[in-house]
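Take any residue in the sequence shown, count from 1 to its spot, add 13: that is its number in my numbering.
To start, the structure itself, in structure tokens.
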Amino acid sequence: MFKFWKKKDNEENIEEIIEKDINESTQSTESKVDEIVRDDKKLVEADKENQKEKEGDKEEKKDEKTNVFSRLMQGISKTKDNITGRVDSILNSYTKIDEELMEELEEILITADVGLNTTMEIIDRLRTMIKERGVKEPLKVRDLLKEIIGDILSKDNSKIEIKEPATIIVMVGVNGVGKTTTIGKLAQRFKDDKKKVMLAAADTFRAAATEQLDIWANRVDVDIIKHHEGADPGAVVFDAIKACQSRKADVLIVDTAGRLHNKVNLMNELGKIFKIIDREYPEAHREVLLVVDATTGQNAVSQAKTFKEVADITGIALTKLDGTAKGGVVLAVKSEVDVPVKLIGVGEKAEDLQDFDAKSFTNALFGDM
């Protein structure tokens, strides 16, 4: 009897153990399932947050892009009214495309300082496209004109590049075009992009040129290398390069004298600066940026051609576009000087110095988003 009941007790114990194991196993499985569900919920929530962040970044970038375009639209509003505003008015007054219409369009472009040569190129291409595409309605000429202008502006479209170990930007241009202001705005932009910026006051001949650049250096809070008035510009550039190398600056912007009354002296001065850069910092990326004032119209084209004769210009900064109705000079510069427009000034603020974008400029000129 004892063995029988012992056995039974053992069987009951085994059953209890098995039942206990099953319960524990079930609880463990349920616990793991709950844990997995919680983890899945966390992942879903994290994904939602990431998606919100991405959408927020997209919206922020979209808003930033819209803001830049709005500033561009506002900055060239006078030019838009003077070119496309008048073009629209003319096209709406005609019922057919004839020679008289073409002559009126030609006059609009010339008076907007697009330039004679560029205007003739545009009108010739317009005539060819009208004939090839069988365009009969005057209003459709607007789209053809936009296509031609966009094509001219997009040729050799490029931006200022900052490369390692450093980029040296030599600023050239006559006095009064906004060269010092452009330097200050560029310095602000690069600093906002987390670049270490330095300025070199190599325009030592113009009275107060160094003081003006010094004011911008203090305002933007960047280092400036300067000598006394009348000092050798080459010596300033030499010291600036050495400081740029020792302080590991990303960008060195060099201001230069803008004398055009003697091209030989200008050529010699710039040539000396370029030789010092080549000798002392050959591995640095170099930009030579010509600053011209859009309000001077065709004179800006003449200045660009003159400076191109004495220096290897890599880009043009066209300032004060907001102050003129003759912004068609952008087309003339692009077409006749064969140097890319890299920057345009459309207002007083630092952010109003924008990278030139052919598509955005064309859309703004024709009032299209």
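Glycine included, C-beta positions come from ideal geometry on N, C-alpha and C.
None of the values given here were measured: they were computed from a predicted structure.
{"Query": "Proximity of residue 203 and residue 210 at Cβ, strictly below 9 angstroms", "Result": "yes"}
{"Query": "Distance between residue 115 and residue 151 (C-alpha atoms, nearest Å)", "Result": "10 angstroms"}
{"Query": "Euclidean distance between Cα positions of residue 171 and residue 330", "Result": "12 angstroms"}
{"Query": "Reduced DSSP secondary structure (H/G/I, E/B, other) of residue 370", "Result": "coil"}
{"Query": "Length of the line joining the Cα atoms of residue 368 and residue 358", "Result": "9 angstroms"}
{"Query": "Contiguous alpha helix (DSSP H) assignments of at least 4 residues, all confined to the stretch 193 to 270", "Result": "222 to 233 and 246 to 259"}
{"Query": "Short Cβ contact (9 angstroms threshold) for residue 109 with residue 168", "Result": "no"}
{"Query": "Sufficient close CB pairs (3 or more, under 8 angstroms) joining the stretch 280 to 297 to the stretch 179 to 188", "Result": "yes"}
{"Query": "Assigned secondary structure, residue 131 (DSSP; H/G/I helix, E/B strand, else coil)", "Result": "helix"}
{"Query": "Limits of the unbroken beta strand (DSSP E) element including residue 339", "Result": "Here residue 339 belongs to no beta strand (DSSP E), and DSSP marks it neither H nor E."}
{"Query": "Assigned secondary structure, residue 358 (DSSP; H/G/I helix, E/B strand, else coil)", "Result": "strand"}
{"Query": "Terminal residues of the alpha helix (DSSP H) in which residue 117 lies", "Result": "112 to 124"}
{"Query": "In DSSP terms, what residue 184 is bridged to", "Result": "268 and 302"}
{"Query": "From 189, 380, 164 and 99, residue whose alpha carbon lies closest to that of residue 269", "Result": "189"}
{"Query": "Cβ separation of residue 317 and residue 277, assumed to be a contact under 8 angstroms, to the nearest whole Å", "Result": "Going by Cβ atoms, the distance from residue 317 to residue 277 rounds to 19 angstroms, so no, they are not a contact pair."}
{"Query": "Selection from 97, 81 and 293 that minimises the alpha carbon distance to residue 156", "Result": "97"}
{"Query": "Rounded C-alpha distance that separates residue 160 from residue 207", "Result": "38 angstroms"}
{"Query": "Distance between beta carbons of residue 85 and residue 374, contact taken as under 8 angstroms", "Result": "7 angstroms"}
{"Query": "Close beta carbons around residue 238, own chain, < 8 angstroms, minus the five adjacent residues each side", "Result": "211, 212, 213, 214, 249, 252, 253 and 256"}
{"Query": "Limits of the unbroken alpha helix (DSSP H) element including residue 383", "Result": "Lying outside 14 to 382, the shown extent of the chain, residue 383 is not represented and no answer is given."}
{"Query": "Beta-bridge partners of residue 456, as assigned by DSSP", "Result": "The question about residue 456 has no answer here: the residues shown for the chain are numbered 14 through 382."}
{"Query": "Neighbourhood of residue 341 by C-beta distance below 7 angstroms, restricted to the same chain and skipping five residues each side", "Result": "92, 96, 122, 125, 126 and 127"}
{"Query": "DSSP state of residue 163 mapped onto helix, strand, coil", "Result": "helix"}
{"Query": "Closer than 8 angstroms: residue 281 CB and nearest the ligand COA heavy atom", "Result": "Among the ligands in the structure shown, none appear at all, so the ligand COA cannot be discussed."}
{"Query": "Same chain, Cβ closer than 6 angstroms to residue 244, neighbours up to 5 away in sequence not counted", "Result": "217"}
{"Query": "Local conformation of residue 89 per DSSP, three classes", "Result": "coil"}
{"Query": "Of the residues 198, 89 and 144, the one placed nearest residue 226, counting alpha carbons only", "Result": "198"}
{"Query": "Contacts around residue 240, its chain only, beta-carbon distance under 7 angstroms, and the 5 residues preceding and following it disregarded", "Result": "217, 248 and 249"}
{"Query": "For residue 200 and residue 178, the rounded distance between their alpha carbons", "Result": "17 angstroms"}
{"Query": "Beta-carbon proximity list for residue 338, same chain, < 8 angstroms, skipping 5 on both sides", "Result": "91, 92, 94, 95 and 125"}
{"Query": "Exposure label - residue 377; buried when at least 16 CB within 10 Å", "Result": "buried"}
{"Query": "Boundaries (first-last residue) of the alpha helix (DSSP H) holding residue 278", "Result": "276 to 293"}
{"Query": "Under 9 angstroms between C-beta atoms of residue 290 and residue 181", "Result": "yes"}
{"Query": "Among 131, 165 and 99, nearest to residue 370 - alpha-carbon criterion", "Result": "165"}
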